[in-house]
Every structure is written in C-alpha cells, then in structure tokens.
Amino acid sequence: MEYINARARRLKPSETLAVKAKATELKAKGIPVIDLSTGEPDIDTPEHIKEGARKALKDGKTKYTDVMGIKELREAIALKLKRENGIEAEVSTVIVTNGGKQALQSAFEVTLEPGDEVVIPAPYWVSYIPMVEIPGGKPVIARSSPENGFKLSVKELEAALTPRTKAVIINSPSNPTGAAYTQAELSAFADVLARTNAFIISDEIYEKVVYGDFKFVSTVQAMPQLKDRIVTINGFSKAYSMTGWRVGYATGPKDVIAAMGRLQSQTTSNVCSIAQYAALAALTGPQDAIPQMVKNFDRRLNAALGIIEQTPGLRVMGKPQGAFYLFIRFAELAKNSKSEVVKSSGALVNFLLERAGVAAVPGEAFGDDQAFRISVAAADEQVIGGLEKIRDAVRTLL
Ligand code: PMP
Ligand code: GLU
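Residue numbers (the working numbering): 1296 to 1693.
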C-alpha cells in the first residue's frame, strides 16, 4: 500500500539544505570540508536581539500569540514598510510567518487554483518551483540570459505571460545570481504587467544586502499603479542573521493577507512568541551590524572574483549587486574539458567536494546546469581558501 500521495512523491528536499546536511555529516566524520553551500550570515545574531528574547522569556511571554503576530511587531513592521519601502501597510495587512519561506508558501496556497501559471524568472531560488507545485500551480520559467547579467528583459517577461498567468515572482536582489532591478527596470515590467491580471509576489529578503551605489527599491514603490496586487515578502533571517529564529512576514492586499491568516490559524497558529519579541528588538534596536556585515560580504566577493578570474573555464557574469552568493558558470570548462565531471552541475559539485573538499550547490537546483553557487557568508579564509581549492581542482580538468 502506498500511503504517500502523488504530490509528496514528487517533492524533493531543498537542495541547498541537502548539501549543507551532507557537508555537516562529512565534518562529523572528521573529513575537513569548507562549506560554502547554504546562504546564512556567518555572524552571530546581535546581542540586543538576543536580549529581546531573554526579556520575553523572563516576562513570561510564553503563550499563544495573535495568529497574525504580536501587535507591537506588526506595528514596527508597518512603520518600517512605510518609512523604508513606501508601502502604506496597516497592521491588519501585515502577517508574521515562520520565515519568509512560510510567507511565500502560504501566499501560493491561498491564491492558486490547480493549473494556474506562475512565472518564475530563472535562475531562481530552489524552493519557488515546489512551493508553486504543492497547491497545484504550474511554474512557467522565464529565462534571463547570462549576457544580460541574469536580469530578465521586458521581452523575456512578456514571452512567459499567458491568459492563465496568475502570478509573477520578482526576487530582487536575486538568490542565486545577485542580480537586482533598478526602479526604471521594475517600472518597465509594470507597463507590461498592467496589461494582465497577474498579481506579483515580490521576495525582498535580500533588501539590506546590496553593494556599491546600488539603491534597493521595493516593487510596490516602483509599480505604484499595481500596488493593490503586490504581495511583499521579507524576513529577519538575512539582514539580522536570524536564520534559526524563523521569523518572516508578508504584506499585501487585505483579502490575501486575511486568507493567509486563516490558513495560519488552522496550521501553525503563530510564530514562536520568543522569536517574535527578538524580531521586535531587531527592528527597533541599533541597525549598525548590517552595514558591517555587508562590508564583510563585499570584501569576500571581491577576493573571490579575483580568484575566479585566474581560473580558466569559470566565469561570473559581473559582480552581484546584492545578496551574498556567486553564481559561477562553467560553460567554457564544459566545452574544453574531456572529463565526465563537467557534464552536469551535480557531477562537478560532487567532484569539488571530493577533490577540493569544498561544498557548493549545483546550478541545476536553480535552473542552470552549467553553473554552481557558492555563498560568501563564511569567514574570509574559508571563502578565499575554498575558492583557491576550487581553482586548483578545476585546473586538473583541462
Ligand atoms: N527567499 C529567498 C530568495 C531566500 O534565499 C530565502 C533563504 N532561505 C528565503 C526566501 C527564505 O528565508 P527564511 O525562510 O529564512 O526567511
Ligand atoms: N536561502 C538560503 C539558501 O538558498 C538558505 C537555505 C534555504 O532556505 O534554501 O541557501
């Protein structure tokens, strides 16, 4: 008897988390591994945020909270959205979720009918496709070209839209490529989307991690004419190094957020009360850990890019404008090497783990089988040492 339903049989584990688990297992066996797989900031959660949690515990904030999240946190989020993102959110249109991940999943769950199409720009973050498929939606991949720095063009977006398009995902800055859209680029998308009924899911989790003079703009701010059909997703994992606390949030049309609240009330009830108070401390406390963290990422990105330049066959399509990954293409290596391991990103990543002792994520998980992703959210010596080992291993393939 098969008890697992067809949807769950098709469901694969998140590849980013699977690679991390494999690297951790090898390390536990005493095998040295430089883990550049999962994207989580290497710094500890800042002290004032932990203090917020300690105080909540001491004050007995240990009971169920409002399903949508504690009022103080939702007020602080609404204020942040207004001040920083030009989003006129009310407390009633903010929901606190178990990470940005649950906010995304819940938004798809309450909006998609079986067969509804969702446009996903590629390369995409690993979890978008399964998240759309779980409620029966149909992912439609919009391919951006490496030559355009992996930014989707208006034409590429247009080509993916059909009368069945229910939603379009925008993830700027992007995981895995670091490509990020300017106000003008988003505004050009808006002109096209205004001719459809599609709603937009804007994943802004890397908002605070941007480099040089790139200016982050929220999708709502860039597309004011479409603001009533944009769901904005954000969270505390990346900006505040709170990946384990599991706090994210969404804001958007009243009916969508209310439906997400009904779903939450029947499933998870609420986010851990202590974690919500910690998130409140994150938003209301000092913000100076963020620029320091971003400066560290920037320094490591520059060092890593220098090493990749000396590695024949590997290429990054320009420096990322945001997030903390390098999406490294090996198309040239695949052309010039006779080795079996360049035939797929999975094989190359396995080779890098075995030969170089470095864990990376295969590009196939992000929709590009001629690439792999490394994270620079690891100590300088890990990033630099890891890239040098990758360089030396890749040279043996030529
Ligand atoms: N969106 C993107 C693009 C991400 O990279 C992540 C990281 N896991 C998330 C959403 C969700 O993060 P979390 O659930 O930790 O908030
Ligand atoms: N977003 C991070 C990554 O892509 C964390 C792991 C995950 O949730 O996928 O590596």
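Every residue, glycine too, gets a C-beta built ideally from N, C-alpha and C. Treat the numbers as computed from the prediction; the structure is a model and nothing was measured.
Compute the beta-carbon to beta-carbon distance between T1388 and G1547, rounded to the nearest angstrom, for a pair I have assumed lies under 8 Å.
At roughly 7 Å, the Cβ-Cβ gap stays under 8 Å, so T1388 and G1547 are in contact.
Could you say which of V1463, L1648 and W1540 lies nearest to F1403 if we only look at CA atoms?
When each option's Cα is compared against that of F1403, the closest is V1463.
For S1670, I'd like the list of residues in its chain whose CB is within less than 7 Å of its CB, leaving aside the five on either flank, ordered along the chain.
Cβ within range, chain order: L1331, S1332, T1333, G1334, F1619 and Y1620.
Go to G1641, then tell me how far its alpha helix (DSSP H) extends in each direction, as first and last residue.
The continuous alpha helix (DSSP H) containing G1641 extends over residues S1640 to F1646.
What are the start and end residues of the alpha helix (DSSP H) that includes K1322?
E1310 to A1323 is the span of the alpha helix (DSSP H), which, as asked, contains K1322.
What did DSSP end up calling D1508 once you bin it into helix, strand or coil?
The answer is coil: DSSP assigns D1508 none of H, G, I, E or B.
Is it buried or exposed for V1449, if we count other Cβ within 10 angstroms and need 16 for buried?
Exposed is the label assigned to V1449, since fewer than 16 other Cβ atoms lie within 10 Å of its Cβ.
Let's see if you can read the secondary structure: which residues bound the beta strand (DSSP E) around K1461?
T1460 to N1466 is the extent of the beta strand (DSSP E) around K1461.
Output needed for E1383: all residues of its chain with C-beta closer than 7 Å, excluding positions within five of it in sequence on either side, in chain order.
Excluding positions up to five away in sequence, the list reads K1377.
Is the beta carbon of A1629 closer than 7 Å to that of V1637?
A distance below 7 Å separates the beta carbons of V1637 and A1629.
Between which residues of its own chain and G1431 is the CB-CB distance below 6 Å, once the five residues before and five after are set aside?
Around G1431: P1409.
Give the list of continuous alpha helix (DSSP H) stretches no shorter than 4 residues that lie fully inside the segment 1480-1544.
You should have 1514-1517.
For I1495 and L1488, believed in contact at Cβ under 8 Å, the rounded distance:
Between L1488 and I1495, the beta carbon gap of about 7 Å places them in contact (Cβ cut-off 8 Å).
When you compare the CB positions of M1363 and I1390, do they come within less than 7 Å of one another, or not?
Cβ distance < 7 Å, so M1363 and I1390 count as in contact.
Tell me the residue span of the alpha helix (DSSP H) that contains L1609.
L1609 -> no alpha helix (DSSP H), and no H or E assigned at all.
If you measure between the beta carbons of A1554 and V1405, is that distance less than 7 Å?
Yes, the Cβ-Cβ distance between A1554 and V1405 is below 7 Å.
Could you please give the first and the last residue of the uninterrupted alpha helix (DSSP H) stretch that includes V1551?
Here the alpha helix (DSSP H) through V1551 covers K1549 to Q1561.
Can you find a heavy atom of ligand 2 that lies under 6 Å from the Cβ of G1334?
Flag set: Cβ of G1334 near ligand 2.
Whose CA, out of I1602, F1667 and T1360, lies closest to the CA of Q1559?
Q1559 has its Cα closest to that of T1360, out of I1602, F1667 and T1360.
Who are G1580's beta bridge partners in DSSP?
According to DSSP, which records beta bridges pairwise, G1580 is partnered with nothing at all.
Identify the continuous beta strand (DSSP E) that holds V1391 and give its terminal residues.
Note, V1391: beta strand (DSSP E), V1389 to T1392.
Same chain, Cβ closer than 7 Å to S1634, neighbours up to 5 away in sequence not counted:
Correct list, in chain order: L1692.
Nearest chain B C-beta to S1439 closer than 7 Å, yes or no?
Protein chain content of the structure displayed is limited to a single chain, and chain B is not contained in it.
Cβ neighbours of A1371 in the same chain (closer than 8 Å, five flanking residues each side left out)
Counting only Cβ-Cβ distances below 8 Å, and skipping sequence neighbours, we find L1575, L1578 and T1579.
Since R1624 is in the beta strand (DSSP E), which residue starts that stretch and which ends it?
Here the beta strand (DSSP E) through R1624 covers Y1620 to R1624.
Anyone know if the C-beta pair for A1723 and P1416 falls short of 7 Å?
This structure cannot speak to residue 1723, because the chain is shown only from 1296 to 1693.
At a threshold of 6 Å, does S1738 count as lining ligand 1 (C-beta to nearest heavy atom)?
The requested residue 1738 is not part of the displayed model; the chain covers only 1296 to 1693.
With a CB to CB cut of under 6 Å and the five nearest residues on each side skipped, what residues in its chain are close to R1524?
Hits under 6 Å: F1494.
Check the DSSP bridge columns for F1667 and list the partner residues they point to.
Note: F1667 sits in a beta bridge opposite I1623 and P1657.
Please classify D1330: does DSSP put it in a helix, a strand, or coil?
DSSP places D1330 in strand when its eight states are reduced to three.
Residues in its own chain within less than 6 Å of S1467 by CB, not counting five upstream and five downstream?
Same-chain partners within the cutoff: A1475 and Y1476.
Between F1667 and L1643, which are expected to be in contact by the criterion C-beta below 8 Å, what is the C-beta distance as a whole number of angstroms?
With a contact defined as Cβ atoms closer than 8 Å, F1667 and L1643 qualify at about 6 Å.
Looking only at its chain, what residues have a beta carbon closer than 6 Å to the beta carbon of P1341, apart from the 5 residues adjacent to it on each side?
Hits under 6 Å: A1584.
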